[in-house]
Structure formats: C-alpha cells, structure tokens
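Undergrad: If you read the sequence shown in UniProt numbering, its first letter stands for residue 1, the second for the next number, and so on.
I am attaching a structure below and will ask some questions about it afterwards.
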Amino acid sequence: MPTDIAFYTNPMSRGQIARWMLEEVGQPYDMTILDYDGTMKAADYLAINPMGKVPAIVHKGKVVTEAAAICAYLADAFPDAGLAPPVDQRADYYRWLFFAAGPVEAAVSNKSLGLTVPEGRERSMGYGSYDQTVTTLEKAVSGGQWICGDQFTAADVYVGSQVDWGLTFGTIDSRPAFEAYAARLRERPAYKRQKELDGALIAQMQKSS
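Right, here's the structure in full:
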C-alpha cells in the first residue's frame with residue numbers, strides 16, 4: 001500500500017541518519033535504494049535532488065534533502081512522536097542541530113581528508129579549528145542525558161549520528177562524554193532497527209558485488 005513518505009537512500013551513506021529518524025517517527029515509508037554512479041545521477045532523481053546525492057524524502061509532494069533538515073522536518077510533521085521540544089524551549093535544539101550540520105560536519109570531513117587550516121587563518125573557516133569544534137561538541141553532549149535535557153529529540157538523532165559515526169570510524173576523538181552519549185543512543189529501539197535494516201542491505205550489496 002502506498003505511503004505518504006518516499007525515502008531515497010543508499011545504506012552506505014548519510015541515509016542511515018534519515019532512516020533512524022524515520023524509525024523514531026514510526027510512520028510507514030516507501031524506500032528506493034539508489035547507487036552512486038547510476039540511479040543517483042539519473043534525471044528522475046535529479047528532479048528531486050539536483051545535487052544527485054542521498055538522503056532525500058518526499059512527504060505529500062514536499063521534497064526535503066539534507067539529513068539535518070529531514071530530521072527537523074519529520075519532528076515537526078509528526079509532533080505526536082515527541083521529537084521536538086516546545087517552541088519556546090528550542091534554543092539548545094536548534095543550536096546544536098545546526099552546529100553539528102555546519103562546523104562539526106565541515107571540521108570532521110576536512111580532518112578525514114587530511115586538510116588542515118593554516119595557522120592564523122582560523123577566522124576564515126566557519127568552524128575555526130578541529131580541536132575547538134570537537135571540544136565544543138563535547139560540551140553539547142555533557143549537559144544532561146540528551147541534547148535538550150531529559151527529552152530525546154531529533155537533535156539527538158543528528159548530533160548522535162555524528163558522534164556515533166565518528167567514534168566508529170575514528171574521525172572524532174574518543175572521549176568519556178562521547179562514549180557515554182553513544183552508549184545511550186545505541187540502546188534506542190529505533191537506532192537498533194535502523195542498524196539492522198541497513199546492515200542487512202549492506203551485506204546483501206556486498207554479497208552481490
């Protein structure tokens with residue numbers, strides 16, 4: 001039966017973030033798996049995301065791309081899931097969601113590619129330095145159980161994905177606050193479902209390659 005949500009992904013991508021958020025929301029969705037050199041660059045998908053990358057969702061005709069935007073959108077589209085704080089309590093929610101999507105993403109990506117900011121040029125970069133960014137990220141996950149205190153939110157899905165991925169692949173320093181935060185995230189039923197679903201797809205793709 002058709003659903004209101006079309007999900008475009010590849011299991012070996014940031015699509016895992018969007019999948020986790022979809023599992024947290026608990027709404028049915030139709031999934032289309034795209035490959036990097038073929039269907040992701042085909043005209044019908046470029047009409048959805050001209051960048052030719054995943055993830056993307058289409059919800060009732062509305063296209064949303066970028067993993068952080070998908071997380072925030074789904075939290076608002078399905079408020080009964082309780083994945084966004086009340087509007088007047090969203091300071092930390094927005095602050096750290098966009099911090100992870102901006103400075104953290106850029107700093108970690110540059111470091112993984114061996115790119116460093118020349119000394120004295122930190123002000124030219126949105127994130128300053130890798131060390132400064134990671135220390136600030138540590139502050140974000142040290143204030144309570146979750147980013148917004150006791151309430152798990154879409155910000156935890158996105159920030160948590162950055163931390164979890166970074167610890168797994170060594171692109172973020174292992175620190176006690178990161179390890180404790182990741183351990184809490186990994187106990188989420190939706191996190192476990194996402195890993196099981198995408199893990200099975202990855203195994204299938206590797207077997208057939």
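In this text, a Cβ means the ideal position worked out from N, Cα and C, and glycines have one as well.
Predicted model only: the values in this text are computed from it and were never measured.
#1: Find the nearest neighbour of residue 159 within the set 5, 21 and 10, judged by alpha-carbon distance.
#2: What residues in its chain sit with their C-beta under 7 Å from that of residue 4, if we drop five residues either side in the sequence?
#3: Would you list the residues sitting across from residue 148 in a DSSP beta bridge?
#4: Mind checking residue 23: buried by the 16 CB within 10 Å criterion, or exposed?
#5: Count the other CB atoms within 10 Å of the CB of residue 53; is the residue buried (16 or more) or exposed (fewer)?
#6: Short check: CB of residue 163 to CB of residue 181, under 8 Å?
#7: Sort 57, 11, 115 and 138 by Cα distance to residue 174 and report the nearest one.
#8: Could you check what DSSP says for residue 31 in three-state terms: helix, strand or coil?
#9: Using C-beta distances below 7 Å, list every residue in its chain close to residue 155, excluding the 5 sequence neighbours before and after it, in chain order.
#10: Between the alpha carbons of residue 124 and residue 165, how many angstroms are there, rounded?
#11: From residue 48 to residue 126, what distance separates their C-alpha atoms?
#12: I need the DSSP call for residue 70, collapsed to helix, strand or coil.
TA: Taking the coordinates as given:
#1: Here the closest residue by C-alpha is 21.
#2: 59 and 60
#3: Residue pairing by DSSP puts residue 148 in a beta bridge opposite 151.
#4: buried
#5: buried
#6: yes
#7: 138
#8: strand
#9: 93, 96, 97, 147 and 148
#10: 27 Å
#11: 28 Å
#12: helix
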